[in-house]
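> Residue numbers (our numbering): 89 to 456.
#1: Whole-angstrom Cβ separation of residue 235 and residue 289, contact assumed at under 8 Å?
#2: In terms of DSSP beta bridges, what is residue 355 paired with?
#3: Could you spell out where the alpha helix (DSSP H) holding residue 373 opens and where it closes?
#4: Quick check on residue 362: does DSSP put it in helix, strand or coil?
#5: Is residue 130 buried or exposed, if buried means 16 or more other CB atoms sit within 10 Å of its CB?
#6: Counting along the chain, where does the alpha helix (DSSP H) carrying residue 457 start and finish?
#7: Assign residue 135 to one of three DSSP states: helix, strand, or coil.
#8: Which whole-angstrom value describes the C-beta separation of residue 317 and residue 340, a residue pair presumed to lie in contact below a C-beta threshold of 8 Å?
#9: Tell me the residue span of the beta strand (DSSP E) that contains residue 417.
#10: Excluding the 5 residues preceding and the 5 following residue 202 in the sequence, name in chain order all residues of the same chain whose CB lies nearer than 8 Å to its CB.
#11: Taking DSSP's pairing of strands, which residues face residue 318 in a bridge?
#12: Using only alpha-carbon positions, find the residue among 398, 330 and 320 that is nearest to residue 349.
#13: Per DSSP, which residues does residue 539 bridge with? Please list them.
#14: Does the distance from the C-beta atom of residue 291 to that of residue 159 stay below 9 Å?
#15: Does DSSP put residue 140 in a helix, in a strand, or in coil?
#16: If the criterion is Cβ atoms closer than 9 Å, does the pair residue 354 and residue 407 meet it?
#17: Between which two residues does the alpha helix (DSSP H) carrying residue 438 extend?
#18: Can you list, in chain order, the residues of its chain whose CB lies under 7 Å from that of residue 99, leaving out five sequence neighbours each side?
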């Protein structure tokens, strides 16, 4: 993506262009071809058409550099511009997520969990789209409070989707439908889009804490620390530090559920820093590390069928290597036995999991 100066003026210009595309009047759209059989009945026909008009509008793609440029030295004007942009861009993203849910094959869409999820996204769409434009500080604060509440409501999205897979299994839906490629493609787009939405909301909320007004108050109270963040983006994120947090938590989870955990050795460029969202990096490496630890204990430790089970420091360690420069990499290797050849075709499927039920965070949500 071509880099551009991401100023309050430019973001407002882009937001206005989106809004003009979407609204001939306040919400006066023309007729749209809406599949009413898959539409929440609590919405009016006008609201249904509005969602389908927003589906047609492209999402604005933003790079980390653009997000950082816009957020540096945030003040009240920055917050208003950010809120205006979100009010006009989030409905586009929400509409596409609604369309993706409605595109799921009928056995999955008909589950209670997915229907509840679609209604949640429709509710969020309407609340954001119909909120008064946050052109002033008071309205921006009101809009931001609403966004925070909606984001919390969406924390259970992964649980809903996991529950939908369980519902299909209990109803005896054939595995070929559960693992159907349409399900995988749609959920991949859905989750990717969800990450983008939550990042944009996180960034706005973090900018509110970073704003110059808050900074001046912190300076007066003597609470100012080194500003390594612009919103939720860490401009000098040391990969080793994030890794060690993930290692500690993954080992604790492994010990809780399997009563043991191998050691973890980290080498390579331990001082390598990148510009990244540290929460996202943590989630990625935590998931990979816990899978590695679980596999090692199950193959070599007390969970194995071996007559010479290994324990504690005798378990083969997991090794993590940090490397690269502007393009960095993290390599995680272990002696957990690898992936059985018969499972290779299923490992990227959202309906596939090797973890038994009851393993809590060590098994994640039991899907994908």
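Just so it is clear, CB atoms sit at the ideal spot from N, CA and C, and this is done for glycine as well.
According to the structure shown:
#1: Numbered from its first residue, the chain shown carries residue 235 at position 147. Numbered from its first residue, the chain shown carries residue 289 at position 201. With a contact defined as Cβ atoms closer than 8 Å, residue 235 and residue 289 qualify at about 6 Å.
#2: The residue labelled residue 355 in the question sits at position 267 within the chain shown. Paired residues: 409.
#3: The residue you call residue 373 lines up with position 285 of the chain shown. Looking at the DSSP string, the run of the alpha helix (DSSP H) that includes residue 373 is 366-388.
#4: Here residue 362 corresponds to residue number 274 of the chain shown, with the count starting at 1. DSSP places residue 362 in the strand class (E or B) of the three-state scheme.
#5: To locate residue 130, count along the chain shown from 1; it is residue 42. Residue 130 comes out exposed.
#6: As displayed, the chain neither begins before 89 nor continues past 456, which places residue 457 out of reach and without an answer.
#7: By 1-based counting over the chain shown, the position of residue 135 is 47. Here residue 135 sits in helix by DSSP.
#8: The residue given as residue 317 occupies position 229 in the chain shown. The residue given as residue 340 occupies position 252 in the chain shown. Their Cβ separation, rounded to whole angstroms, is 26 Å, which puts residue 317 and residue 340 out of contact at 8 Å.
#9: The sequence position of residue 417 within the chain shown is 329, counting from 1. Counting along the chain, the beta strand (DSSP E) containing residue 417 begins and ends at 416-421.
#10: Locating residue 202 in the chain shown gives position 114, where the first residue counts as 1. If we look at residue 202 and ignore the five residues flanking it on each side, its Cβ neighbours are 189, 192, 196, 248, 249 and 252.
#11: Here the question's residue 318 lines up with position 230 in the chain shown. Among the bridge pairs identified by DSSP, residue 318 is matched with 321.
#12: Here the question's residue 349 lines up with position 261 in the chain shown. Of 398, 330 and 320, the smallest CA-CA separation from residue 349 is found for 398.
#13: Since the displayed the chain opens at 89 and closes at 456, residue 539 lies outside it and no answer follows.
#14: What you label residue 291 is simply residue 203 of the chain shown in a count that begins at 1. What you label residue 159 is simply residue 71 of the chain shown in a count that begins at 1. Taking 9 Å as the Cβ cut-off, residue 291 and residue 159 qualify as a contacting pair.
#15: Within the chain shown, residue 140 is the residue found at index 52, counting from 1. The answer is helix: DSSP assigns residue 140 an H, G or I state.
#16: The residue given as residue 354 occupies position 266 in the chain shown. The residue given as residue 407 occupies position 319 in the chain shown. At a Cβ-Cβ threshold of 9 Å, residue 354 and residue 407 count as neighbours.
#17: Reading the chain shown from its first residue, position 350 is the one you call residue 438. For residue 438, there is no enclosing alpha helix (DSSP H), as DSSP gives it neither H nor E.
#18: Along the chain shown, one-based indexing puts residue 99 at 11. Low confidence applies to residue 99: its pLDDT is 46, below 50, so where it sits in the model is not reliable, and the reading given next is rough at best. Closer than 7 Å at the Cβ level, and outside the excluded window around residue 99, lie 158, 169 and 173.
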